[in-house]
Amino acid sequence: MEKYVGRIFQVNTNDWDLENELELKFSNLKEKIVNNEKTYVEGTLQGTLLDQVLEPLFHGDARTVKKSLLVINFIVKLDYFQYEHGLPVTEKSADYYEEVLSALLKYLEIFKDPTSMERPEALQSLTRHFQYLLEPQVANVFKFHKRFANLALDHIIKGNDSSEEAELLLITILTWICRTRCLDEGSGDSEQLIDTLWRLQASKNESVSENASILLLKNLVKLTKREDSTVHAFVENAVENIKRDVLHDKQLAFKRVQILVVMFKMGSTSQGIGYIYPRTIWGVIKAIIKETTEDNYNEIVREALHLMVAYCSMIGPDVLVCLVPNISEILNNLTSDDKLLDLYTNDIVDTIDTIGYYCPNLYVAMEPSFDKLLEQAKNILQINEDEEDVKKGDISKLQALINVIRHLMGTGTGPEIESLILSIMSAAIGTREPVLVAMANLVIEYIGTCPPIHAEFLSVLINFLSKASQVYTNPIFVRAVLKVQRYMHMKKSGRRGHYECESYTKVLQALLEPKEKLQRPKINDEEVVEMVKDKLKRMRNQT
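The opening position of the sequence shown corresponds to residue 3 in the working numbering, with each subsequent residue numbered one higher.
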């Protein structure tokens with residue numbers, strides 16, 4: 003391998019040619035390793051050849067520096083791949099990696115200005131090397147890893163380098179540090195490292211931010227084992243910072259909310275977070291919603307709703323049932339304003355959908371929201387005589403509204419639900435399958451929740467669903483037809499007459515009238531059964 007590297011390093015004067023040559027070589031070696039050829043490939047360099055490869059870092063131009071980085075990146079990539087596939091780590095490489103790390107750090111000292119154009123690729127290379135050298139089993143072989151990791155950490159922190167490449171290097175080293183020790187404020191360099199983690203947690207790079215959040219929380223779990231009150235102090239501090247930052251720096255407040263979301267998700271998987279009093283959480287969510295503007299969508303509101311879902315998931319259904327008034331207050335406040343509801347419809351829907359899973363009785367306290375959401379859905383469904391279709395941009399919103407209404411309907415909401423279903427059928431949205439799928443799910447849930455059901459409504463409904471099941475392949479339509487058919491057989495008499503609901507009777511009457519654009523084909527019971535059997539047979543043949 004040494005001879006190969008020496009040859010291509012000298013022959014390929016163009017860095018593009020060298021990069022392609024190395025990629026091809028790695029692909030060949032990778033194939034051999036994957037095919038269980040357990041022969042370790044010694045890729046490291048020594049002596050004069052190593053000097054030749056590293057020398058451009060101090061005296062070369064941009065092209066030769068790039069060539070040097072390509073070669074050392076190739077070698078660490080090869081060693082890392084071999085390590086991941088069970089091949090041994092050899093001490094023979096120790097001198098090589100010491101030389102390389104030393105050279106990279108010296109290079110970064112030469113170009114210490116964080117804005118220097120020469121730094122990014124060297125930082126990326128250093129990160130690749132530490133990702134390998136700080137692996138537990140590798141670190142056991144190469145004893146110099148701690149010294150160089152601390153040097154690199156010191157260089158980045160003192161240099162105030164906030165570039166993306168520097169952040170990735172920091173998170174790599176801090177991951178290793180947090181694996182080997184507990185960071186406790188007030189002891190040694192822990193305070194500086196914790197501050198660095200908080201800075202990384204506020205990073206615009208989502209991967210860096212999430213990893214920093216996880217490291218902070220895992221460290222918190224370690225501290226909590228010593229002192230139970232640590233986690234509560236952590237949450238109280240985060241909440242106070244959010245309430246302050248939401249007024250002046252919503253991006254920073256957003257990141258702080260994110261870490262609480264991650265924290266409660268960790269708690270829901272029994273990773274040692276413990277119970278947090280709801281008063282603290284409701285307070286910060288209300289503060290966030292209060293400070294949002296009606297005409298601008300704020301991502302932090304969405305994250306605040308994620309926080310509520312994560313918290314409710316963590317505490318579980320037994321405690322959650324006691325908190326329904328708090329949850330409904332927040333959600334009813336969001337839905338009480340038309341502009342806010344329009345801005346955050348999908349987010350509210352997702353929240354109610356998830357919390358409703360843990361707390362089936364949520365609908366009882368959500369009556370104001372139910373009425374508002376029902377009104378919004380019907381507004382979207384207003385038939386446009388020119389287009390006879392729902393606007394394309396409203397389809398996803400309508401689908402979301404139908405799904406959440408399904409979770410909030412109670413036994414006394416029959417007329418409103420049937421009126422909504424009739425409006426969907428009247429709106430000529432036969433080409434909008436997502437809405438019809440949502441409607442079919444609503445029908446299945448409704449029939450089991452709100453009987454007795456209007457006989458004429460069932461007649462119109464089964465005709466419509468039968469037609470949909472012939473047009474679309476989604477099995478939900480067949481399920482809905484079977485559900486309605488079964489109910490019709492059980493309740494032959496049905497309920498005659500009209501509900502005391504003007505919109506209901508108006509739409510139902512329009513559907514029953516023999517108007518060409520609204521009329522549905524009449525199908526008797528036997529035809530429906532045969533149609534469903536044929537549909538199921540075709541579905542089985544397709545699989």
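Quick reminder that beta carbons are idealized off the backbone N, C-alpha and C, glycines included.
What you are looking at is a predicted structure, and each value in this text was computed from that prediction instead of being measured.
If you keep only unbroken beta strand (DSSP E) runs of at least 3 residues inside the stretch 317 to 385, you get nothing at all.
Excluding sequence positions up to five before and after residue 349, its CB lies within less than 8 Å of the CB of 303, 304, 307, all in the same chain and listed in chain order. Collapsing the DSSP output to three states places residue 87 in coil. The stretch 123 to 137 and the stretch 170 to 181 touch, with no fewer than 3 CB-CB distances between them shorter than 8 Å. Residue 156 and residue 437 have their C-alpha atoms spaced approximately 57 Å apart.
Contact between the stretch 83 to 90 and the stretch 60 to 72 is absent: fewer than three C-beta pairs spanning the two stretches fall below 8 Å.
A Cβ-Cβ contact shorter than 8 Å links residue 423 with residue 441.
For the pair residue 352 and residue 229, the Cα-to-Cα distance works out to about 36 Å. Approximately 5 Å separates the beta-carbon atoms of residue 109 and residue 124; this is inside 8 Å, confirming the contact.
Distance check between residue 161 and each of 281, 113, 408, 375 places 113 closest, using alpha-carbon atoms only. Judged by DSSP secondary structure, residue 8 falls within the alpha helix (DSSP H) whose first and last residues are 4 to 13.
Taking C-beta atoms under 8 Å as the contact rule, residue 221 and residue 180 qualify, at a distance of about 6 Å. In this structure, residue 315 keeps its C-beta atom at 8 Å or more from the C-beta atom of residue 279.
Of the candidates 31, 51, 65, 5, 65 places its Cα closest to the Cα of residue 15. For residue 459, the enclosing alpha helix (DSSP H) stretches over residues 457 to 473.
When the Cα atoms are used, residue 148 and residue 217 turn out to be separated by approximately 19 Å.
According to the DSSP assignment, residue 173 belongs to the alpha helix (DSSP H) that extends over 166 to 182.
Check the Cα spacing between residue 488 and each of 445, 475, 255, 236: the tightest is with 445.
In this structure, the beta-carbon distance from residue 55 to residue 28 does not fall below 8 Å.
Here residue 244 really is in contact with residue 255; their C-beta atoms are around 5 Å apart, less than 8 Å. One Cα belongs to residue 177, the other to residue 99, and the distance between them is close to 20 Å. Taking C-beta atoms under 8 Å as the contact rule, residue 435 and residue 405 fail to qualify, at a distance of about 14 Å. The beta carbons of residue 426 and residue 486 sit no closer together than 8 Å. Membership of residue 53 in the alpha helix (DSSP H) is indicated by the continuous run 49 to 56. As the crow flies, the alpha-carbon of residue 249 is around 9 Å from that of residue 290.
Spatial neighbours of residue 372 in its own chain (CB-CB distance under 6 Å, excluding positions within 5 residues in sequence) are listed in chain order as 410. By the criterion of a C-beta distance shorter than 7 Å, residue 93 is surrounded in its chain by 143, once the five residues flanking it on both sides are discounted. Across the set 469, 490, 467, the C-alpha of 490 shows the shortest separation from the C-alpha of residue 456. Non-local beta-carbon contacts of residue 91 in its own chain, meaning distances under 7 Å to residues more than five positions away in sequence, involve 85, 139, 140, 143 in chain order. In this structure, residue 175 sits near residue 151, with a CB-CB distance shorter than 8 Å. The beta carbon of residue 379 sits closer than 7 Å to the beta carbons of 400, 403, 404, 407, 422 from its chain, once the five residues preceding and following it are set aside; these are given in chain order. Burial check for residue 117: the Cβ neighbour count within 10 Å stays below 16, so the residue is exposed. The Cβ atoms of residue 233 and residue 285 do not sit closer than 8 Å to each other. Residue 57 and residue 51 have their C-alpha atoms roughly 10 Å apart.
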